[in-house]
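Colleague:
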Ligand code: NDP
């Protein structure tokens, strides 16, 4: 993983969606600790203000940014605040996501459940990214990290002996598969620019998203995301990178690496 100094990101501006709790909060904290001014996106004013306060108490230059990624007016307002009040954007972490209502097996899937999940996990990311792309293009070393998941990896999910062999559901997993392709396509469009676009797999972390069933902490989940957000100039673009979860893991196996799409 990239080793960065406490001031490596001084002068940069980062936006993290869904930064009021869980992995997003930890990403905001870690980018802020490296000197970036952090815009903590949150859809609820109370939770956003609390996150800002909590980050500031840790010495981070944080500012709550009202942002509901499913609301086009909210996205437009947020993009205007970033442009008018900060004048630059170096790092965008598309972290906000939902699991959605229980949808059962594929044959039972209610379309409303899929639509709800896609609004946040897929359409919201494209809408926000496109609203902020003009500013990100101006950044000397712009980075976009889409927070995905190993459950979006078709190869991982199709392995009958893999750790996710028992998970059979359409909405959330397929939203992350869509996000993986979206990541690859932005990376392709932007390959001649300094911008890097990658997808992160935090690993299974104990957060509200899964009723705190994960075996990793939110802070550990943030590590791969921050790694991708701070890649050097010769780093990759258009990959899915993060925690490697194996049933047969040996003590010397790497904790992080590139995952199959
Ligand atoms: P949490 O449920 O703890 O946090 C999700 C965050 O997204 C919250 O801040 C939530 O805000 C926000 N959010 C949800 N909908 C919107 C919206 N419409 N607009 C703005 N913000 C919104 O989840 P995690 O921290 O676990 O998840 C973070 C990311 O990591 C997600 O992309 C998730 O898919 C991914 N991930 C998580 C894993 C895990 O094991 N936890 C594993 C693999 C991937 P609010 O508080 O208002 O609800």
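Numbering (the working numbering), first residue to last: 4 to 264. Note that the Cβ used here is the ideal one computed from N, Cα and C, for glycine as well. All figures in this text were calculated on a predicted structure; none of them were measured in a lab.
1. Taking only heavy atoms of ligand 1 into account, decide whether any of them is closer than 7 Å to the Cβ of residue 150.
2. Drop a sphere of 10 angstroms on the beta-carbon of residue 108, count the other beta-carbons inside from all chains shown, and report buried for 16 or more, exposed for fewer.
3. When you compare the stretch 142-149 with the stretch 73-81, are there three or more beta-carbon pairs, one atom per stretch, that lie closer than 8 Å?
4. Return yes when at least one heavy atom of ligand 1 lies under 7 Å from the C-beta of residue 101, else no.
5. Going residue by residue through the stretch 186-229, where are the continuous beta strand (DSSP E) segments of at least 3 residues, counting only ones entirely within it?
6. Is residue 71 near ligand 1, in the sense that its beta carbon is under 7 Å from a heavy atom of that ligand?
7. Just reading off the beta strand (DSSP E) that residue 66 is part of, what are its end residues?
8. Do residue 153 and residue 167 come within 8 Å of each other at the CB atom, strictly closer than that value?
9. What residue does the alpha helix (DSSP H) around residue 36 start on, and which one ends it?
10. Check whether the Cβ of residue 213 sits closer than 7 Å to any heavy atom of ligand 1, and report yes or no.
11. Is residue 23 a contact residue of ligand 1, with contact defined as CB to any heavy atom under 7 Å?
12. Quick check on the DSSP output: the alpha helix (DSSP H) that includes residue 79 runs from which residue to which?
13. Does residue 148 come out as helix, strand or coil in the three-state DSSP assignment?
14. Can you look up residue 157 in the DSSP assignment and give me helix, strand or coil?
15. Pairing CB atoms from the stretch 38-49 with CB atoms from the stretch 119-127, are three or more of them under 8 Å?
16. State whether the stretch 211-218 contacts the stretch 188-198, with contact taken as three or more CB pairs (one from each stretch) at a distance under 8 Å.
17. Going by DSSP, what residues sit across from residue 183 in a beta bridge?
18. Flag this pair as touching only if the stretch 31-46 and the stretch 8-23 have three or more C-beta atom pairs under 8 Å; answer yes or no.
19. With a Cβ-Cβ cutoff of 8 Å, do residue 99 and residue 127 count as a contact?
20. Taking only the alpha-carbon atoms, compute the straight-line gap between residue 223 and residue 151 and give it to the nearest angstrom.
21. Taking the CB atoms as reference points, tell me whether residue 66 and residue 43 lie closer together than 8 Å.
22. Is residue 182 closer than 8 Å to residue 165 when the C-beta atoms are compared?
23. State the CB to CB distance for the pair residue 138 and residue 174, rounded to an integer number of angstroms; the pair is presumed to be in contact (CB under 8 Å).
24. Along the chain, where does the beta strand (DSSP E) that runs through residue 170 open and close?
25. Out of 226, 74, 105, 69, which one is the CA nearest neighbour of residue 148?
26. Taking the beta strand (DSSP E) that residue 94 falls in, what are its first and last residues?
Modeller: The relevant details are as follows:
1. Yes, since a heavy atom of ligand 1 falls inside the 7 Å radius drawn around the Cβ of residue 150.
2. exposed
3. no
4. Ligand 1 approaches residue 101 closely enough that one of its heavy atoms is under 7 Å from the residue's Cβ.
5. 199-204
6. It does: the Cβ of residue 71 is within 7 Å (strictly closer) of some heavy atom of ligand 1.
7. 65-69
8. Contact check for residue 167 against residue 153 passes: the beta carbons are separated by less than 8 Å.
9. Looking at the DSSP string, the run of the alpha helix (DSSP H) that includes residue 36 is 25-36.
10. yes
11. yes
12. Counting along the chain, the alpha helix (DSSP H) containing residue 79 begins and ends at 75-84.
13. strand
14. helix
15. no
16. no
17. Per DSSP, none; premise fails for residue 183.
18. yes
19. yes
20. 15 Å
21. Against a cut-off of 8 Å, the Cβ pair of residue 43 and residue 66 comes out as a contact.
22. no
23. Contact doesn't hold; Cβ gap of about 31 Å is too wide.
24. It is not in any beta strand (DSSP E) - residue 170 carries neither H nor E in the DSSP assignment.
25. Among 226, 74, 105, 69, the Cα nearest to that of residue 148 belongs to 226.
26. 94-97
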